[in-house]
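J.:
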Amino acid sequence: MKRHVALVGFMASGKTTIGRKLARKLRWPFCDTDALIVQSHGPIAAIFASEGETAFRRYESDAIQAALARDAATVIALGGGALTVPRNRNLIGEHAYRIFLKVPAEQILARVRRSRELRPVLGASPTLESVGALYASRIPEYEKADHVVEAARRSDATVVAEIVEWLRGTVAQ
């Protein structure tokens with residue numbers, strides 16, 4: 471049975487920011503799977519550098535499983551590549567309402583460039599082409615979400631309000 475809300479989307483699409491605000495609005499706990507990984511295994515860039523992406527995806531699957539095992543309904547921010555793993559897609563689809571925060575590649579690139587956080591799958595100098603290609607490979611899974619929010623250049627409050635309204639209509643049915 472679905473009881474959680476999982477925010478999906480590309481890196482830097484606002485999943486953590488919107489997730490915290492949505493959780494506050496719903497009065498639900500918030501969980502960021504990347505934060506769980508960092509807490510247990512260290513910085514994500516270091517994991518990629520020393521153990522590789524396969525190990526990171528394994529840790530990510532464990533973090534997703536832990537988040538979904540919570541008794542209380544929780545807002546969960548997933549990593550941008552979480553849906554690349556079939557097991558994750560199945561678990562999330564079974565236990566959470568998936569909300570895709572859709573932001574264009576140009577806006578993603580601007581956010582990534584402003585961030586101090588290294589995005590290992592993009593490298594140190596991401597380009598619009600590299601962001602666009604990776605985004606294009608992932609978007610088919612993102613678009614299978616239960617609800618898609620066009621989040622480009624919208625305020626956090628507007629995005630949160632849309633999600634709350636959608637949840638009210640969906641959960642009430």
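First residue of the sequence shown: 471, per the working numbering; consecutive thereafter.
Note that CB positions come from ideal geometry on N, CA and C, so glycine has one too.
What you are looking at is a predicted structure, and each value in this text was computed from that prediction instead of being measured.
Do three or more CB pairs link the segment 629-637 to the segment 491-507 at distances below 8 Å?
T.: yes
J.: Could you tell me the boundaries of the beta strand (DSSP E) in which Val-545 lies?
T.: Locating residue 545 in the sequence shown gives position 75, where the first residue counts as 1. That run of the beta strand (DSSP E) goes 545-547.
J.: State yes or no: is the beta carbon of Gly-512 nearer than 7 Å to at least one beta carbon in chain C?
T.: As a matter of chain content, chain C is missing from the structure shown, which is built from one protein chain.
J.: Report the residue from Arg-540, Val-582, Tyr-567, His-565 whose alpha carbon sits nearest the alpha carbon of Val-573.
T.: What you label residue 573 is simply residue 103 of the sequence shown in a count that begins at 1. Of Arg-540, Val-582, Tyr-567, His-565, the residue nearest in Cα terms is Val-582.
J.: According to the Cβ coordinates, are Val-508 and Arg-527 closer than 7 Å?
T.: On the sequence shown, position 38 is the one that residue 508 refers to. On the sequence shown, position 57 is the one that residue 527 refers to. Not in contact: Val-508 and Arg-527 (Cβ atoms no closer than 7 Å).
J.: Jot down the residue ranges of each uninterrupted alpha helix (DSSP H) in the segment 562-589, minimum 4 residues, whole runs only, in chain order.
T.: 575-584
J.: Who are the Cβ neighbours of Leu-598 in its own chain at under 8 Å, not counting the five residues just before and after it?
T.: As a working mapping, residue 598 is identified with position 128 in the sequence shown. So the qualifying residues of the chain are Ala-575, Glu-576, Leu-579.
J.: With a floor of 3 residues, list each beta strand (DSSP E) that falls wholly inside the segment 497-545, ordered by position along the chain.
T.: 500-502
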